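*Asks:* Numbering (my numbering), first residue to last: 796 to 1116. C-beta: ideal position from N, C-alpha, C; glycine also. Computed from a predicted model, the values in this text were never measured in an experiment. Following this message is one structure expressed as structure tokens.
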Ligand code: BTN
């Protein structure tokens, strides 16, 4: 209802309460209540007795009705759960997957303005103040669990594309899930799944993008290696537009992945790669392997050429400094 009300309001133009009531199929008193709700959310709306209501400005919030306005996806973001603050959108998304039978569909989005306990990879904390984009997407892929790394890689490509479209900034992907600008991290991806032997039950893709965050806001221990889009571009970035663009890119690449055409995504990933061609050390959790990153294979594994020229295939790990 709120989404419809905002749809029928006009910017710089008055719409009468009567017209709104008719369009929404509710009473004029109910229209007034909707207007109050919108004002509480941060919309500026003026009212004139004989003219009706006029939308003056929209809040800078990632409200579902704002994201869905003009969103051209078929299913990603069709259902959005919005929270001013949440512990972690990934935790909430995982809880939601328990209610799949009650209509938590593929592409459902959980989004928060702030996270009080944002999760990074390997149990790390993820700093998530107001001004960033913190969201999780629920998927039910009919793919084998081995596809999980490919989902992370395709998400990274979608983020790079969306950043480029919205800010003109060229970012790079550090295998497997970091997006960098000028060698500093601007976005992280946390993909979690539940699977049985050869079938995935659900996947939650969590994306955190440092958007309109001042450099000094970041905790000191991460300041050196962290950047926001506002810092990199020198101006505030329209978060709603960035979310919309990302969701569109995400759905596009996910469809390609589902058609088992990952190699074409991989080609793009390689174009944006920060990792290939570098001498690196990778912590696989079991050991540390040193070598030159020579390729990513069709399963999303990193291929390292070790000092003895032998090739190592690493499906998951962290690149060390
Ligand atoms: C990493 O680079 O370590 C991954 C960071 C992922 C952060 C995002 S923010 C939205 C989603 N919810 C979380 O708690 N984490 C992910």
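Among residues of its own chain, excluding the 5 on either side of residue 935, which ones have a beta-carbon nearer than 6 angstroms to its beta-carbon?
*Replies:* Along the chain shown, one-based indexing puts residue 935 at 140. Here the set comprises 901 and 997.
*Asks:* Are three or more beta carbon pairs between the segment 1054-1069 and the segment 1023-1036 nearer than 8 angstroms?
*Replies:* Segments in contact, no.
*Asks:* Do residue 941 and residue 1094 have their C-beta atoms within less than 8 angstroms of each other?
*Replies:* Walking along the chain shown from the start, residue 941 turns up at place 146. Walking along the chain shown from the start, residue 1094 turns up at place 299. The answer is yes: Cβ separation under 8 angstroms.
*Asks:* Is the segment 1012-1031 touching the segment 1044-1059 in the sense that three or more CB pairs, one from each, lie closer than 8 angstroms?
*Replies:* Contact fails: fewer than three Cβ-Cβ distances are below 8 angstroms.
*Asks:* Between 1116, 1107, 1097 and 1108, which lies nearest to residue 948 when the distance is taken from Cα to Cα?
*Replies:* Translated into positions along the chain shown, residue 948 becomes position 153. Considering only alpha carbons, the answer is 1097.
*Asks:* What is the DSSP secondary structure of residue 1033, reduced to helix, strand or coil?
*Replies:* As a working mapping, residue 1033 is identified with position 238 in the chain shown. Here residue 1033 sits in coil by DSSP.
*Asks:* Compute the beta-carbon to beta-carbon distance between residue 1006 and residue 1024, rounded to the nearest angstrom, for a pair I have assumed lies under 8 angstroms.
*Replies:* Indexing the chain shown from 1 puts residue 1006 at position 211. Indexing the chain shown from 1 puts residue 1024 at position 229. Confirmed, Cβ separation roughly 5 angstroms.
*Asks:* Taking only heavy atoms of the ligand BTN into account, decide whether any of them is closer than 7 angstroms to the Cβ of residue 984.
*Replies:* For the purposes of this step, residue 984 is taken as the residue at position 189 of the chain shown. At least one heavy atom of the ligand BTN is nearer than 7 angstroms to the Cβ of residue 984, so yes.
*Asks:* Taking the beta strand (DSSP E) that residue 864 falls in, what are its first and last residues?
*Replies:* Indexing the chain shown from 1 puts residue 864 at position 69. First-last for residue 864: undefined, no H or E at that position.
*Asks:* How is the alpha helix (DSSP H) around residue 956 delimited, first residue to last?
*Replies:* Along the chain shown, one-based indexing puts residue 956 at 161. It spans 943-962 - the alpha helix (DSSP H) in which residue 956 sits, taken as one unbroken run.
*Asks:* Helix or strand or just coil, what does DSSP make of residue 925?
*Replies:* In the chain shown, the residue the question calls residue 925 occupies position 130. Looking at residue 925 - three-state DSSP - the assignment turns out to be coil, as it is neither helix nor strand.
*Asks:* Name the one or two DSSP bridge partners that residue 1076 has.
*Replies:* As a first step, residue 1076 must be located in the chain shown, where it is residue number 281. Its beta-bridge partners are 1085 and 1115.
*Asks:* Use the C-beta contact count for residue 892: other C-beta atoms within 10 angstroms, 16 or more gives buried, fewer gives exposed.
*Replies:* Numbered from its first residue, the chain shown carries residue 892 at position 97. Buried is the call here.
*Asks:* Let me check understanding here. Comparing Cα to Cα, which of 913, 1029, 1078 and 933 lies closest to residue 982?
*Replies:* Here residue 982 refers to the residue found at position 187 when the chain shown is read from its first residue. With distances taken between Cα atoms, residue 982 lies closest to 913.
*Asks:* Taking 7 angstroms as the cut-off, is the beta-carbon of residue 841 closer than that to any non-hydrogen atom of the ligand BTN?
*Replies:* Looking up residue 841 in the chain shown gives position 46. Residue 841 Cβ: outside cutoff for every heavy atom of the ligand BTN.
*Asks:* Mapping DSSP to helix, strand and coil, what is residue 1013?
*Replies:* As a first step, residue 1013 is located in the chain shown; it is residue number 218 there, counting from the start. Looking at residue 1013 - three-state DSSP - the assignment turns out to be coil, as it is neither helix nor strand.
*Asks:* Compute every distance between the C-beta of residue 1021 and the non-hydrogen atoms of the ligand BTN, then say whether any falls below 7 angstroms.
*Replies:* Start at 1 with the first residue of the chain shown, and residue 1021 comes out as number 226. No.
*Asks:* Apply the 10 Å Cβ neighbour rule to residue 889 and answer buried if 16 or more other Cβ atoms are within range, or exposed otherwise.
*Replies:* Your numbering for residue 889 matches position 94 in the chain shown. The residue in question, residue 889, is buried, as its Cβ has 16 or more Cβ neighbours within 10 Å.
*Asks:* Kindly identify the DSSP beta-bridge partner or partners of residue 973.
*Replies:* Position 178 of the chain shown, counting from 1, holds the residue named residue 973. Partner(s): 969 and 983.
*Asks:* Mind checking which residues open and close the alpha helix (DSSP H) that includes residue 800?
*Replies:* Along the chain shown, read from residue 1 onward, the residue named residue 800 stands at position 5. Residues 797-803.
*Asks:* Which residues does DSSP list as the beta-bridge partners of residue 1059?
*Replies:* For the purposes of this step, residue 1059 is identified with residue 264 of the chain shown, where counting begins at 1. Paired residue(s): none; residue 1059 is not in a bridge.
*Asks:* Could you pull the DSSP bridge partners for residue 1021 from this structure?
*Replies:* Looking up residue 1021 in the chain shown gives position 226. BP columns for residue 1021 point to 980.
*Asks:* As a quick exercise: from 876, 1073, 1027 and 880, pick the residue whose alpha carbon is nearest that of residue 932.
*Replies:* The residue you call residue 932 lines up with position 137 of the chain shown. It is 876.
*Asks:* Residue 842: buried (16+ other C-beta within 10 angstroms of its C-beta) or exposed?
*Replies:* Within the chain shown, numbered from 1, the residue matching residue 842 stands at position 47. Counting Cβ neighbours within 10 Å, residue 842 comes out exposed, since fewer than 16 surround it.
*Asks:* Taking only heavy atoms of the ligand BTN into account, decide whether any of them is closer than 7 angstroms to the Cβ of residue 910.
*Replies:* The count along the chain shown starts at 1 and reaches residue 910 at position 115. It does: the Cβ of residue 910 is within 7 angstroms (strictly closer) of some heavy atom of the ligand BTN.
*Asks:* Could you give the distance in angstroms between the alpha-carbon of residue 1003 and the alpha-carbon of residue 1041?
*Replies:* Position 208 of the chain shown holds residue 1003. Position 246 of the chain shown holds residue 1041. Their Cα atoms are separated by approximately 12 angstroms.
*Asks:* State the beta-bridge partners of residue 1108 as determined by DSSP.
*Replies:* As a position in the chain shown, residue 1108 is number 313, starting the count at 1. According to DSSP, which records beta bridges pairwise, residue 1108 is partnered with 1098.
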